[in-house]
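To start, the structure under review is shown below, and the notes come after it.
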Amino acid sequence: MRVFTSLNLPATLLLTLLTLPFTVSATELLQGYGRNDYELPCAQACTWAMPTTLDCPEYASMSAEERAAAYPSAACMGNDTSYLTSIAWCIDSYCSKDTRPYKIEVFWGTKMIYQVQSIKFSYAEALAQVDNKTLPKPMSAEETVLNRTISIEDTTYESYSNSVKGYIAIGKNESKYSLLVFLSCVAIPIGFSLLRFLPIPKSVRSKFYAYIIDPPAWGKRHSVPTLGLGIVPTRGQALFILYIIAINVAATFDGYPRYTPNAYFPIRRDELMRHIGNRAGIIAFANIPIIILYAGRNSLLLRLTNWSYSTFILLHRWVAMVCVVQVILHSLMWLQIMVEAHSHAEVVTLPYWQWGIVGTLAFSLLLPFSILPFRRALYEIFLIVHICLAVVVLVGSWYHIWYLFEDTSGFEIWLIIAIAVWGYERLLRILRISRYGIKKAYITRADEKYLQIDIPDVDAHGHCFVYFPTLSLRVWENHPFSIVNCSKGQLERENSHSSSSSQVEGKTTSPTEASLFKEVGMVAVKAPSSVTVNNSIKPGITLFVSPECGLTSRLPKKADIGIPIPILVECSYGHEDPTKFMPTTDYPNTLAIAGGVGVTAVLPALQSSLSMYARPIGTSKLYWGTKNRGLVDSVKRMIVEGDGYQDEEGNGHASNWGHFEAHVTIGSRMDIKQVFKNELESTTGGTTVVVCGPQQMCDEARNVCAGLTRHGAVVRFVEESFSW
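Below is the structure:
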């Protein structure tokens with residue numbers, strides 16, 4: 001029984017909406033946006049301005065030096081008459097007479113003394129204790145203990161009032177910028193994707209993409225890594241990356257108003273160091289859910305936008321780099337603050353500081369363990385290390401603020417969202433795997449380089465992630481593969497007419513086909529007779545694999561043994577937009593350029609080139625260059641009738657493969673520039689160009705296509721990349 005038959009957009013939205021109430025209710029709201037820690041600034045200034053040199057019972061056994069360094073407990077302040085009456089007098093003196101009494105009482109009972117259990121007097125009772133006949137006077141320099149009702153001088157009150165104003169303004173800016181960073185990085189991809197629905201002339205649209213979106217930001221390389229370290233983004237990607245950097249710089253360094261005189265920060269440098277240090281950490285928190293959202297292959301953004309998974313993975317890395325810089329800035333600035341205050345030896349023993357070190361180290365290690373050479377050389381190790389470090393980041397960040405604030409601070413909302421997004425992603429992966437459960441995979445050799453993996457009874461498209469639980473103890477490992485879902489077509493061709501034994505004998509039958517024939521009741525006999533086929537046709541998919549190092553290097557040992565291996569299939573991915581390759585009146589033509597096994601990624605575009613009337617409305621052509629004749633034979637046999645490769649094919653000449661025209665070049669390099677010139681300059685109407693293959697070929701196709709488009713060709717360029 002299938003547990004989860006389809007993962008469409010409504011189901012995805014439903015899962016998201018179900019998790020939102022838990023996410024919101026699990027934390028406090030952000031400062032200035034639903035929460036205000038300083039609802040009564042005048043009273044808060046009185047609390048901050050009030051001396052705390054009380055004579056507390058816990059001081060009885062302390063020396064004079066210990067008393068001077070001690071801070072009174074909440075219980076001591078809540079029961080000290082002089083302290084309470086002095087604050088009450090200050091509030092009465094400096095708060096507006098229009099202030100509602102209940103607001104003062106709420107502040108008195110909840111905000112005045114941190115973590116107090118009970119207060120000896122209410123505000124009204126404390127104010128009644130003050131002798132109105134003898135007005136309180138400020139505390140003199142000779143007085144070392146607060147043992148009477150005192151007043152606060154105007155200049156002193158003003159300096160503390162300015163401190164409160166600064167915290168209110170900067171606290172609201174912290175929330176504003178963290179929301180701006182998060183919401184804009186989610187909304188902008190959606191907003192720009194909606195522009196495709198505007199009735200813009202196709203020639204204008206094509207030129208815009210050719211100049212602004214598709215070419216590399218600099219040079220001529222996009223898919224080929226620069227210096228082997230990373231890829232150059234396209235111009236469109238670079239524009240959004242620049243926005244990400246700009247908004248994060250502004251969010252970190254803007255919005256620090258100065259109020260003077262300032263009792264807490266008489267020196268501007270000290271104020272900026274503390275607030276920028278805090279802001280860097282808060283904006284880094286806001287970036288964490290973006291990082292996880294961009295990395296998810298089940299991300300809602302893939303369904304709500306027309307941006308590719310490769311684009312979001314690239315953005316994931318850039319946001320992560322910005323986030324790591326912010327975390328390091330946060331840590332360095334607070335380290336400097338503590339060193340200058342001679343408090344480092346003390347704070348390093350505190351749990352919040354220790355967890356901060358753990359989180360910072362995990363953040364910092366993510367960068368070197370994610371560089372391209374490491375990912376490509378040791379992908380399986382990279383995957384494990386990446387996930388483990390990400391978990392340490394979340395745990396370290398959570399306990400850092402947990403021990404620092406000892407209650408909810410509002411900042412944990414970003415961690416809760418991040419955990420919810422990660423859990424949502426993992427849940428959908430499990431549901432996708434559960435759709436088919438454990439399946440059988442038959443592995444055969446297509447030629448000396450490529451393996452063919454046939455998986456019966458699976459109906460999928462685009463690409464999938466396959467788990468091989470019996471090949472490795474790391475059962476969680478999975479690899480992406482493009483899907484050729486032609487097994488169903490093979491059966492339908494065989495089912496369309498009764499075939500003679502000579503038709504069956506002359507054709508090499510793969511283990512998958514034999515298994516499928518058995519499952520649907522197909523019987524092949526050597527004597528001339530008909531083949532009876534059951535009406536229920538089960539689908540299947542085929543994958544072509546070039547074994548590399550790592551897990552896929554173990555697959556050749558399982559080839560051609562006639563025994564299937566158990567696998568798990570997580571599908572389908574890559575074609576969230578069903579109209580992605582569908583021909584339109586503006587773009588009636590489809591041109592697919594493939595290199596090697598990349599043909600499997602462009603076949604969906606050719607299959608989609610049929611109109612709603614099951615016929616192309618323009619031209620549909622495939623140009624495929626490969627070194628291996630066996631791969632061509634295997635792929636063609638799955639698409640059209642016949643024995644696969646013909647002797648006259650392979651030199652780039654046209655041949656008919658069903659409803660599209662194929663040009664196959666074997667053993668020699670395709671002239672990409674000439675192909676585009678011939679096809680784009682001679683066609684009527686716009687052309688959807690789909691490219692997948694070696695990185696150098698993709699870059700050449702991108703640059704040539706953009707150049708021709710700038711000179712009048714009407715093109716919609718799509719690169720099916722799996723470089724992530």
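Sequential numbering from 1 applies to the sequence shown in the UniProt record's numbering. No residue lacks a Cβ here, since even glycine has one placed at the ideal position from N, Cα and C.
Among LYS133, THR81, TYR167 and VAL145, which has the Cα closest to the Cα of GLU125?
For the purposes of this step, residue 125 is taken as the residue at position 125 of the sequence shown. Considering only alpha carbons, the answer is THR81.
Whose C-beta lies closer than 8 Å to the C-beta of ARG258 among residues of the same chain, with five residues either side of it excluded?
By one-based count along the sequence shown, residue 258 stands at place 258. Taken in chain order, the residues that qualify are GLY166, ARG268 and GLU271.
Return the chain-ordered list of same chain residues with a C-beta closer than 7 Å to the C-beta of GLU425, the five sequence neighbours on each side being excluded.
Taking the first residue of the sequence shown as position 1, residue 425 is located at position 425. Taken in chain order, the residues that qualify are GLY296 and ASN298.
Does the beta-carbon distance from ASN278 to CYS323 come in below 7 Å?
Here residue 278 refers to the residue found at position 278 when the sequence shown is read from its first residue. Here residue 323 refers to the residue found at position 323 when the sequence shown is read from its first residue. Not in contact: ASN278 and CYS323 (Cβ atoms no closer than 7 Å).
Does the separation of the CB atoms of TRP307 and ILE241 fall below 7 Å?
Sequence index remark: in the sequence shown, residue 307 carries index 307 (1-based). Sequence index remark: in the sequence shown, residue 241 carries index 241 (1-based). No, Cβ-Cβ distance for TRP307 and ILE241 is not below 7 Å.
Helix, strand or coil for TYR587? Go by DSSP, reduced to three states.
Position 587 of the sequence shown, counted from the start, is the residue given in the question as residue 587. Here TYR587 sits in coil by DSSP.
Exposed or buried, LEU516, counting other C-beta atoms within 10 Å across all chains shown (16 or more means buried)?
For this step, residue 516 is matched to residue 516 along the sequence shown. In this prediction, LEU516 scores a pLDDT of 37, lower than 50, which makes its location untrustworthy; the coordinate-derived value is nonetheless stated afterwards. Buried, because 16 or more other Cβ atoms sit within 10 Å of the Cβ of LEU516.
For the putative contact between SER175 and LEU30, defined by C-beta atoms under 8 Å, what is the C-beta separation to the nearest angstrom?
In the sequence shown, the residue the question calls residue 175 occupies position 175. In the sequence shown, the residue the question calls residue 30 occupies position 30. So it is a contact: roughly 4 Å between Cβ atoms.
If we call anything under 7 Å between Cβ atoms a contact, is ILE283 one with GLN336?
Numbered from its first residue, the sequence shown carries residue 283 at position 283. Numbered from its first residue, the sequence shown carries residue 336 at position 336. Their beta carbons are not under 7 Å apart, which means ILE283 does not touch GLN336 by this criterion.
Does DSSP put PRO289 in a helix, in a strand, or in coil?
Numbered from 1 along the sequence shown, position 289 holds the residue referred to as residue 289. Helix at PRO289.
If you run the structure through DSSP and keep just helix, strand and coil, what is VAL569?
As a first step, residue 569 must be located in the sequence shown, where it is residue number 569. In the structure shown, VAL569 sits in a strand (DSSP, three-state: E or B).
Does ALA341 come out as helix, strand or coil in the three-state DSSP assignment?
Against the sequence shown, residue 341 aligns to sequence position 341. Three-state result, ALA341: coil.
Between residue 729 and LYS133, how many whole angstroms is the CB-CB distance? I'm expecting something under 8 Å.
A query on residue 729 cannot be resolved here, the shown segment of the chain reaching from 1 to 724 and no further.
Look at the alpha carbon of ASN495 and the alpha carbon of ASP454, and state the distance between them as a whole number of angstroms.
Taking the first residue of the sequence shown as position 1, residue 495 is located at position 495. Taking the first residue of the sequence shown as position 1, residue 454 is located at position 454. Residue placement at ASN495 is flagged as unreliable, the pLDDT there being 38, under the threshold of 50; a coordinate-derived value is accordingly withheld.
On a CA-only basis, which of ALA246, THR226, ALA217 and LEU227 is nearest PRO236? Give me that one, please.
On the sequence shown, position 236 is the one that residue 236 refers to. One point to set straight first is that residue 236 is Gly, not Pro, in the sequence displayed. Per the Cα distances, ALA217.
In angstroms with no decimal places, state the Cα-to-Cα distance between SER620 and ASN703.
Position 620 of the sequence shown, counted from the start, is the residue given in the question as residue 620. Position 703 of the sequence shown, counted from the start, is the residue given in the question as residue 703. Going from the Cα of SER620 to the Cα of ASN703 covers about 22 Å.
In chain order, which alpha helix (DSSP H) runs of at least 4 residues are fully inside the segment 383-459?
The qualifying runs are 412-434.
Name, in chain order, the residues that DSSP records as bridge partners for LEU543.
Mapped onto the sequence shown, residue 543 falls at position 543. For LEU543, which the question treats as bridged, DSSP gives the partners ILE453.
Would you say GLY230 touches the ligand SAH, meaning its beta carbon is less than 6 Å from a heavy atom?
This structure lacks the ligand SAH; in fact it carries no ligand of any kind.
In three-state terms, what does DSSP make of ASN298?
For the purposes of this step, residue 298 is taken as residue 298 along the sequence shown, with counting starting at 1. The answer is coil: DSSP assigns ASN298 none of H, G, I, E or B.
Round the Cβ separation of GLU570 and ARG429 to the nearest angstrom and send it over; I've been treating them as touching at under 8 Å.
Here the question's residue 570 lines up with position 570 in the sequence shown. Here the question's residue 429 lines up with position 429 in the sequence shown. With a Cβ gap of about 6 Å, GLU570 and ARG429 count as contacting.
At the level of alpha carbons, what is the spacing between TRP476 and ARG35?
Position 476 of the sequence shown, counted from the start, is the residue given in the question as residue 476. Position 35 of the sequence shown, counted from the start, is the residue given in the question as residue 35. For TRP476 and ARG35, the distance between alpha carbons rounds to 42 Å.
DSSP on ALA559, reduced to helix/strand/coil?
Taking the first residue of the sequence shown as position 1, residue 559 is located at position 559. Coil, per DSSP.
The beta strand (DSSP E) spanning PRO480 covers which residue range?
Taking the first residue of the sequence shown as 1, we reach residue 480 at position 480. PRO480 -> beta strand (DSSP E) spans 478-482.
DSSP state of TRP307, grouped into three classes?
To locate residue 307, count along the sequence shown from 1; it is residue 307. Looking at TRP307 - three-state DSSP - the assignment turns out to be coil, as it is neither helix nor strand.
How should ILE190 be labelled, buried or exposed, when 16 other C-beta atoms within 10 angstroms of its C-beta is the threshold for buried?
The residue given as residue 190 occupies position 190 in the sequence shown. Result: exposed.
From the DSSP secondary-structure annotation, give me the bridge partner or partners of GLN31.
Here residue 31 is taken as the residue at index 31 of the sequence shown, counted from 1. DSSP output for GLN31 lists ARG35 as bridge partner(s).
From the DSSP output, which residues share a beta bridge with LYS137?
Numbered from 1 along the sequence shown, position 137 holds the residue referred to as residue 137. Answer by DSSP bridge pairing, in chain order: ILE150.
Classify HIS342 as buried or exposed, calling it buried when 16 or more other Cβ atoms lie within 10 Å of its own Cβ.
Reading the sequence shown from its first residue, position 342 is the one you call residue 342. By the 10 Å Cβ count, HIS342 comes out exposed.
Specify, as a first and last residue, the run of the beta strand (DSSP E) that VAL689 falls within.
Mapped onto the sequence shown, residue 689 falls at position 689. Taken as a continuous stretch (DSSP letters only), the beta strand (DSSP E) holding VAL689 covers 687-692.
Which residue comes first and which comes last in the alpha helix (DSSP H) that contains GLU679?
Indexing the sequence shown from 1 puts residue 679 at position 679. Note, GLU679: alpha helix (DSSP H), 672-682.
Is THR470 buried or exposed, if buried means 16 or more other CB atoms sit within 10 Å of its CB?
Here the question's residue 470 lines up with position 470 in the sequence shown. Exposed is the call here.
One question on the structure: do LEU451 and ALA559 come within less than 7 Å of each other, judged by their Cβ atoms?
Looking up residue 451 in the sequence shown gives position 451. Looking up residue 559 in the sequence shown gives position 559. Their beta carbons are under 7 Å apart, which means LEU451 touches ALA559 by this criterion.
In whole angstroms, what is the alpha-carbon distance linking GLY707 and TYR467?
Locating residue 707 in the sequence shown gives position 707, where the first residue counts as 1. Locating residue 467 in the sequence shown gives position 467, where the first residue counts as 1. Cα to Cα, the separation comes out at about 41 Å.
Less than 7 Å separating the beta-carbons of MET582 and SER608?
Numbered from 1 along the sequence shown, position 582 holds the residue referred to as residue 582. Numbered from 1 along the sequence shown, position 608 holds the residue referred to as residue 608. Contact: yes.
With a threshold of 7 Å on Cβ separation, who are the neighbours of TYR379 within its own chain once the five nearest residues in sequence on each side are excluded?
Walking along the sequence shown from the start, residue 379 turns up at place 379. Result list for TYR379: GLY550, in chain order.
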